[in-house]
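Numbers 2 to 161, taken from our numbering, label the letters of the sequence shown in order.
For glycine and all other residues, C-beta sits at the position ideal for the given N, C-alpha and C.
Treat the numbers as computed from the prediction; the structure is a model and nothing was measured.
So the structure is just underneath, and the comments pick up after that.
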Amino acid sequence: MRLVTYRHAGSSASHGRVGALRGDAIIELAGASPDGPRGQALPDSLLELLRLGEEGLARARRVADDAERTGERRVDRSMIELLAPLPRPNSLRDFMLVEEHVRNSFGDVPAEWYHIPVYWKGNADTVLGPEASVPWPYYTDKLDYELEIGAVLGRVASGV
Numbered sequence: 002m003r004l005v006t007y008r009h010a011g012s013s014a015s016h017g018r019v020g021a022l023r024g025d026a027i028i029e030l031a032g033a034s035p036d037g038p039r040g041q042a043l044p045d046s047l048l049e050l051l052r053l054g055e056e057g058l059a060r061a062r063r064v065a066d067d068a069e070r071t072g073e074r075r076v077d078r079s080m081i082e083l084l085a086p087l088p089r090p091n092s093l094r095d096f097m098l099v100e101e102h103v104r105n106s107f108g109d110v111p112a113e114w115y116h117i118p119v120y121w122k123g124n125a126d127t128v129l130g131p132e133a134s135v136p137w138p139y140y141t142d143k144l145d146y147e148l149e150i151g152a153v154l155g156r157v158a159s160g161v
């Protein structure tokens with residue numbers, strides 16, 4: 002199941018809603034309950050859904066599967082704008098993983114680099130979605146293009 006955060010196209014809403022991407026449609030998960038109107042509704046945000054753990058994800062799968070069968074809660078993909086899955090993650094870390102990059106940056110690779118994960122904490126307010134335009138910083142004429150990948154651990158962690 003591919004979970005997404007989205008808003009309806011043209012909406013000025015400052016926050017998105019959680020959904021499941023299924024083919025050319027989004028299944029609206031926010032506010033749905035796999036147990037009908039008397040059941041506990043799924044939260045509006047992906048972060049809150051993830052905080053429910055495996056039980057919350059199982060409930061979301063049931064809602065998405067039911068919607069596939071009934072056609073309810075489906076929104077055509079052309080009617081929505083995908084936002085960053087986690088628009089403001091709790092933690093954003095960029096690890097320095099490529100030895101050649103370290104060598105190019107510092108000349109030598111410090112021995113500690115092989116034993117301690119080197120990272121910097123990013124600004125969680127700079128996360129953009131796949132359809133957003135990257136604002137050009139006023140202070141430069143050049144941009145540094147880098148491919149980054151995000152990962153969700155899926156459980157409470159400390160010392161990470």
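Beta-bridge partners of residue i, as assigned by DSSP
i	result
T6	V19
D77	A26
Y139	BP columns for Y139 are empty, so no partner.
Collapsed DSSP secondary structure at residue i in the structure displayed
i	result
W114	helix
A125	helix
L144	coil
R94	strand
E82	strand
Residue i burial status per 10 Å Cβ neighbour count (16 or more: buried)
i	result
T6	buried
E44	Before going further, note that residue 44 is Pro rather than Glu in the sequence given. Classification of P44: buried, given that the 10 Å Cβ count is 16 or more.
I117	exposed
E18	Correcting the residue identity first, residue 18 is Arg in this sequence and not Glu. When all chains shown are included, R18 counts as buried.
L47	buried
G20	buried
E29	buried
I81	buried
A33	buried
A26	buried
L98	exposed
V64	buried
Residue i - containing alpha helix (DSSP H), residue span
i	result
L51	47 to 52
R104	100 to 107
The ligand MG heavy atom lying under 6 Å from the CB of residue i
i	result
V128	Of ligands this structure carries none, so the ligand MG is not represented either.
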